[in-house]
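Working notes, structure below.
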Amino acid sequence: MERRDFIRKSVLGTAAFTIVPRHVLGGPGFTAPSDQITKAIIGVGGIGYNHHFGREGRLVAVCDVDRLHLERAVKRAGEGVKAYSDFRELLLQKDIDIVHIATPPHWHGTMSVMAAEAGKDIWCEKPMTRTIGEGKRVIEAVQRNGRMFRLNTWFRFRGGFYGLGTTVKPLKKIVDSGVLGWPLKVTVSGITGYDWKFYWSGDTNLTPEPVPEHLDYNMWLGPAPVKPYNPLRVHSKFRGFWDYDGGGLGDMGQHYLDPVQYMLSKDDTSPIKVEVDAPEQHPDAVGSWRRITYTYEDGCQIILDGENKDKDAAYIEGPKGKIYRGFRSTIPKIQQLAASLPDPEPQITSFHESVRTRQKFALNEMNGHRSCTMVNMGVAALRLGRTLHFDPVKQEFINDEGANRLIFPEMRSPWSI
Amino acid sequence: MKHIRFSLFVLSAILLLAKPIAAQDNRTLDTKVADLLVQVPASDQQKLNEQMQAMLSMEEAGLQMVLDLVIPAGTGDDTKARVAIESLSRYLSQPGMEMQQVRWEAMILKEIEKREDPFVKSFFISQLYYFGSEATVESLSTYLCDPKLQDPSIRALRDIDPEEAANLFADKLDQCEGRMQIALINAIAETGNSSHAKAVAELAGSSSPELQGSVLACLAELGDPASHSLLSKAAKETGYMPESTRATGSLIVYAQSLSEQNNRDLSLRICKGLIKKCTAPEQVHFRSAALITAAGTESIEKSVSLLVDAMKEKNKVYRMTAIRYAAENNTPIDPWISAINGTKNNDVKAEILSLFGMLGSEEALQVVNSYLNDPDPMVRQQSVLTLALIRQSEALPDILKYTLDYPTEPDTRTAEAALLQTVGLDQLAMLTTALEGAPEGAKVVLIKVIAAKGDPSSFDILFSQIEQTGAVRAAAMKNLYLVSEQRDLGDLMRLFDQLEDKDEIAAIEAALVASINRGSHKEVSTQALLLHAARNYSVEKYIGVLAEIGGKEALEAVYESYGSGDEDTKKRAFSGLIKSNDINATPPLFQICSRSDSDREKEAAFKNYVRIVTSSALPDDQKLLLLRKIEAYAGTPANTALLIRAMGSVKTFLSFVTLSSYLEQDELKSQAANALVRVVLPSNGLDNGLKGKLVKEKLIIARDIISGPDTEYLKIDIQNYLDKMPEETGFVSMFNGTDLSGWQGLATDPVNKAKLSGKKLQKLQEEANEKLKENWSVRDKCIVFNGHGSNLCSIKEYGSFEMIVDWRITKKGDSGIYLRGTPQVQIWDTTRVEVGAQVGSGGLYNNKEHESIPLVVADNPIGDWNTFRITMIDERVSVYLNGQLVVDNVVMENYWDRSIPIYPTGSIELQAHGTDLAFRDIYVRELNVDANSLSKEEEEEGFVRLFNGKDLSNWAGNEHSYSVEDGAIVIRPTKSGGNLYTEKEYADFIFRFEFKLTPGANNGLGVRTPMEGDAAYVGYELQILDNTAEVYAKLQPYQYHGSVYGIIPARRGFLKPVGEWNSQEVYMKGDKIRITLNGTVIVDGDLKEASKNGTPDHKEHPGLSRTSGHIGFLGHGSLLWFRNIRIKEL
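Residue numbers (our numbering), protein chains in the order written: chain A, 308 to 724; chain B, 314 to 1443.
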């Protein structure tokens, strides 16, 4: 597996992202009206159908392994949109610029790599990959093929950030200014405005049932191990199983943690330790947890408080100040202070601009992989029920063979990336 | 069952080092396994570790029993066994466990061999994912051609020993076909063992693209030089186009592998060939990949020149790949400086400039600066942004100069972005200085940036720019809101009064709003604004501001303008009201909705009223009242549907009731059913679902109606919830909506009542009932009172209960709810200051000693409905009025006889007090708080109560593990379990109690036992156990519920479902013992008789000779409840 090191130096590179705003490089000779950028959606069940159908870009193809989903999508998309049940065929359609991957997470890595190798740009749902190893291979394939990659969470550059009542930008400015001191502790809990969605737990002891004729279950499973079909494993219920996702932590974790990595300027590294306080986990179904604590080499910590135990928790706490839910702070007039500080480095926040100008999107394969690694570290510690130590450079767990076996398990054939 | 945790602890330490059996552990193996599994899943890491140690210390036969419990899916519940097995595998995968792995590995391997079901086999194979040794490699290799077991076997083998695994995979290549052959090829690729390249290559040329693709990918990964011609040929045949075998991609990966093995020449030959051949747009990613592979192979010098050369190409995708690769690999700068100076292509110049920015390279500054005045706007702008990135605030003078030099689009946008990135408060002065004399376009940029810094001291500077004209004035106005503070209100109002331009008005409106909202005294500012507006006769002009700042006064003023202004004013006022997010906008919206002539207005008012109420922070009770208030004005089914959806987010019993009423309307029942389900089911892992008979009945109806995406899953959730819902009556209606059944007149007060004879009382009651008809009636599903006569009383009498009642009074109104025939939870018009009504309704009006005044005033306006939620437990009362707590657990005094506490039971009465009244939706839920009281019969028979429902008096022992909650004794799982004994000893007795189990629960009832020692042996233990738990499937007959442990087995099958209360009686007299569970005798035996040939469990039972002792609950770490405990000594 040494070849994997070939691109690794760039995986670990600390170069800043490209920074040129849209009007600069979208100049003469390369401006394309947005309707000229074409897209395809793989997975038109929940997210793919409800969130991404009519958004920017001209839809030219859809794909699903459930015939009912596909038929519904075709009906909505209207004429001229091609329908596929095997995404490999879709990837060979020439007039597709962007492939939107809206399948359950166990497919994200494989499809991203294959899309990159087919010369497509990629818009991938969160979480980026279900394992750390898949994430590394996505980076490699995307970069080798000169592809643009967008991970679909957005808080680091847009939108009110849950209970914070603000965008991430002013928080980033405050953190960067050093006014809170260092190291920082970030608490992500109900108290600070987040919902860990513990109802995304899996059902255990499922009875095997016949696969409905409209579903290609073998293709739905893809690289995941075969387990007997039950309707509670698939479609909106997949979030509760380790084979496909990881419950609230797996599915919402990157949403909540990616902006934190950005704020703490940790986009090119990972925590060195993860501790869990949780009940014993089922082999197949995701259960709940009470607390997950990440520690970085410089002492910064991110605490996921699943039981809202720390009632007075600040969202960000430093030795010199705290910021609470609703952007309240021990620092007087914090909003004014935030406004007064210089803006952070600009980011490209339109994927179409990124596709046109070939500049990295704000949340791309590199920083996306790092924030997803947080999720996957947490999942590993939770499943194993023990504290794990991590080497952010090698991207391996230290002195824990069991944990390292979760980094890149062999995929079920014929899938391999 | 026996306690296990403590003894195991002691043992585990020894067992880890020594042989597996310890002398003092006299539990049977079954018991040990059951004891282990009942603790699964462990609640935390410490418990998990203890559990793992317990497993490790178990003899092989015990572990085997756990393994045996795993069964094929769908044939029973083996969840606990699977969890325990997998946990142990994971546990053993941590460092330092190699010794312990051996035994477990051997057992797992044996199990894999033994089992038939492929999924069960797979489960056991998956245990070896976490660890495994040569034994696993040897054993699993037999499954490499098994279609169902190949994948898990490969997964385990690859990680255990990649070298040996590769050999095994290669060996089997010609024994499998299709997908299985592919699996082996893929796995060989992952091991990276190139010695098998030849074997894999032999499979090339397949007509299956899937297989051919795997072969090529594998060969690419292995990087054997001998594969060159095969891979090249395959790619060539595809014309280097994307296709299903992905041959060209594999060729590039092959080049990478060669490069890593230092076969640079061949690698470069391939890459350079591809760069030359792949020039079509759809090949650009192949070409890019070839480029960076070559760049990574070449020396740094040659690598840079390759990348720089790429800048000569027409295709931007290709060029930018080179730029990004250079940026991420810290390329030397000089060749790029030559390149930028040597090109005439402005796109390329800009791209190289962006590279300098990404590299943050100081060496490039001179070049970057030289482009600041480039005639090409794109090049110029890129140089500015690059400069900002490299030098940050030090670049400010140059950026300012650029701002002044290029004051037109699109440079102004770049100037703004660069300034925002470099200017902090410290640099603000430079900007304000530059403002003077700057060209118009630059001024606009500077104003925007100054404002964006949000410094209130910039207000004056920006305000002064309003005197300018055109774009500068517009920019100053538009950005003023960013720096406006409370103290600027006067200036802003004076300016505002003069404005006529629509955009200018909008800009200063925003500034006014900001100055008011940002201040610490919003009410004062609002007052000042209203006063100013009134004085200038210009309230209309301020409508937008007033609507946005909100508050009661401001929104009332807006509504007034709506009513009195001209068309335009009316329009703006209306628009302000419907855009508001303030709950104070709802009364005006209600008025508009109910009165307006315009359907369009009505519709908008309705929708926004519902929106504001739903998103408000009001308590749910109040939200529902407001939603119901507008119900009659919905006008269209679509609006009613909207209202129904809104009610779906209000989680109250009355919301459920309201939604139920729509279940029979064809047009709306689907909406209603979906909303009702939302209200009833618990949310987000909370325990807030609604319960009771009525709920159950309607939920079943709703379940059969609901539709929409993923309904099938929701139906499963509903069924689960129904299955788990406890059998309790819950709320029942006290009023059927049509007549006064269940109610009667007030005969007389309780004191008098007690003195009267039955006959006399009956006569009085009949008279009262007759009189009632004159004063109380039912109209529009409400009970109404016309202001004469006396109270309306429930026929049924209530002790402890929770009730819900909606009430409405007229002006000067006065009423109340009597509890247990006693006045009263007060209802009155809060304007009646003369009688002290300003304190609000809900108070316990007649209390003298205890609080009589409500905590807050929570009344709705006269004529609107109010909701009471009243809870009365024993003598204490809590009242919520419209969702706000107004009485917090206060003792209600006995008004009729202050020398005694309030009566234990009595009727609920609606008070008549001389004004018109209405009541609706009256529901009551009786509370089972007297579950611990003796029945009359028992009292007469001589039973005494052993548990008072409140504390543990009469009990001794481990009082830390046991506590009293909601009138029951609960034992929380703790490490040591713990026993709770009666203080007194008993010989012959009838002991009655109720208990409630949790899944897998285990406890015991000790009788005739001393407080020390193991009651099962030193006294008797009557088993208390969830017989249905899978983990107890293999117990001995004398270990199930009710058995005299180890001595007399009990009959099984008479426990209520887990989670329901069971009642049990234990009769002991001499050697006779009889146990009755839920009315069925499950043990009827003789202790002497049963043990005369030795006890069935072959253990010593010294307790057999005891004739008296304590009675106690014997904890084994499970959660259980006990209540209603009473005894009669014989």
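Every residue gets a Cβ at the ideal spot worked out from N, C-alpha and C, and that includes glycine.
>> Let me make sure I understand the geometry here. Which of Gly1425/B, Val1152/B and Leu1230/B has the alpha-carbon closest to that of Val1199/B?
In response: Nearest C-alpha to Val1199/B: Val1152/B.
>> Check this for me: beta carbons of Ala355/B and Gln364/B, under 8 Å apart or not?
In response: It is a contact, given that the beta carbons lie within the stated cut-off.
> I think Ala386/B touches Phe432/B, with their Cβ atoms under 8 Å apart; what is that distance to the nearest whole Å?
Replying inline: The Cβ separation is near 6 Å, so the contact holds.
>> Please state whether the Cβ-Cβ distance between Ile957/B and Tyr946/B is less than 8 Å.
In response: No, these two residues do not count as a Cβ contact at 8 Å.
> Name the residues in the segment 424 to 438 of chain A whose C-beta lies less than 8 Å from a C-beta of chain B; which are they?
Replying inline: Glu424, Ala425 and Gly426
> In chain A, which residues lie with their C-beta within 8 Å of the C-beta of Asp472/B?
Replying inline: Arg712, Pro716 and Glu717
> Within 10 angstroms of its Cβ, does Leu587/B collect 16 or more other Cβ (buried), or is it exposed?
Replying inline: buried
> Can you find a C-beta in chain A that's less than 8 Å from the C-beta of Val597/B?
Replying inline: Interface flag for Val597/B against chain A is set, since a Cβ pair is found closer than 8 Å.
> With 16 as the cutoff for other CB atoms within 10 Å, does Gly1326/B come out buried or exposed?
Replying inline: exposed
> For a contact meaning CB atoms closer than 9 Å, what does Lys618/A contact in chain C?
Replying inline: The chain inventory of the structure shown lacks chain C, comprising the protein chains A and B.
> Is Gly1366/B near Asp1301/B, with beta carbons less than 8 Å apart?
Replying inline: no
> Across which residues does DSSP place Ser1090/B in a beta bridge pair?
Replying inline: Val1097/B
> Beta-carbon separation of Gly1270/B and Tyr1294/B under 8 Å?
Replying inline: yes
> Whose C-beta lies closer than 7 Å to the C-beta of Ile1122/B among residues of the same chain, with five residues either side of it excluded?
Replying inline: Ser1128, Ile1140, Asp1142, Ile1175, Thr1228 and Leu1230
>> Cutting at 6 Å between CB atoms, please list the residues of its own chain near Met1116/B, excluding the five before and the five after it.
In response: So the qualifying residues of the chain are Ile1183 and Val1237.
> Sorted by chain position, which residues of the same chain lie with C-beta nearer than 6 Å to Arg428/B's C-beta, five sequence neighbours on each side aside?
Replying inline: Excluding sequence neighbours, Arg428/B sits near Lys434.
>> Check whether chain A comes within 8 Å of Tyr719/B, counting only Cβ atoms and requiring the distance to be less than that.
In response: Chain A, which has no Cβ nearer than 8 Å to the Cβ of Tyr719/B, makes this no.
> Which value, in whole angstroms, describes the spacing of the CA atoms of Thr680/A and Pro590/A?
Replying inline: 21 Å
> Taking the alpha carbon of Ala380/A as the point to measure from, which residue in Ile349/A, Pro566/A, Glu624/A and Pro477/A has its own alpha carbon closest?
Replying inline: Among Ile349/A, Pro566/A, Glu624/A and Pro477/A, the Cα nearest to that of Ala380/A belongs to Ile349/A.
>> I believe Gly1058/B touches Asn1082/B by the beta-carbon criterion, under 8 Å. Please report the beta-carbon distance rounded to the nearest angstrom.
In response: 5 Å
> Going along chain B in order, which residues have a C-beta closer than 9 Å to the C-beta of Leu513/A?
Replying inline: Ala386 and Gly387
> Closest Cβ-Cβ distance between Tyr442/B and chain A: below 8 Å?
Replying inline: yes
> Between the beta-carbon of Asn921/B and the beta-carbon of Ile943/B, is there less than 8 Å?
Replying inline: no
>> Could you compute how far the alpha carbon of Arg632/A sits from the alpha carbon of Arg597/A?
In response: 20 Å
>> List, in chain order, every chain A residue whose beta-carbon is nearer than 7 Å to that of Ile495/B.
In response: Ser720 and Pro721
>> Against Asn499/B, what residues of chain A qualify as contacts under a CB-to-CB distance less than 9 Å, listed in chain order?
In response: Glu717, Met718, Ser720, Pro721, Trp722 and Ser723
>> Taking contact to mean 3 or more Cβ pairs, one atom from each stretch, closer than 8 Å, check whether the segment 611 to 630 of chain A and the segment 479 to 491 of chain A are in contact.
In response: They touch, by the three-pair rule.
> Under three-state DSSP, which class holds Thr494/A?
Replying inline: strand
> Between the C-alpha atoms of Leu329/B and Leu361/B, what's the straight-line distance to the nearest angstrom?
Replying inline: Note that Leu329/B has pLDDT 39, beneath the 50 cutoff, so the model's placement of it is unreliable and no number is given.
>> With a threshold of 8 Å between beta carbons, is Gly453/A in contact with chain B?
In response: yes
>> Please tell me whether Glu729/A has its Cβ less than 8 Å away from any Cβ of chain B.
In response: Lying before the first or after the last residue shown, residue 729/A is absent from chain A, which here runs from 308 to 724.
> Since Ser1107/B sits in a beta bridge, which residues does DSSP pair it with?
Replying inline: Ser1107/B is bridged to Trp1056/B.
> Which runs of the alpha helix (DSSP H) fall wholly inside the segment 943 to 1000 of chain B and span at least 4 residues, in chain order?
Replying inline: 950 to 960, 966 to 973 and 982 to 993
> Could you give the residue range of the alpha helix (DSSP H) that holds Thr716/B?
Replying inline: Leu709 to Asp718
> So does the segment 846 to 861 of chain B actually touch the segment 801 to 813 of chain B, counting three or more Cβ pairs closer than 8 Å?
Replying inline: yes
> What is the rounded straight-line gap between the Cα of Ser540/B and the Cα of Asp484/B?
Replying inline: 20 Å
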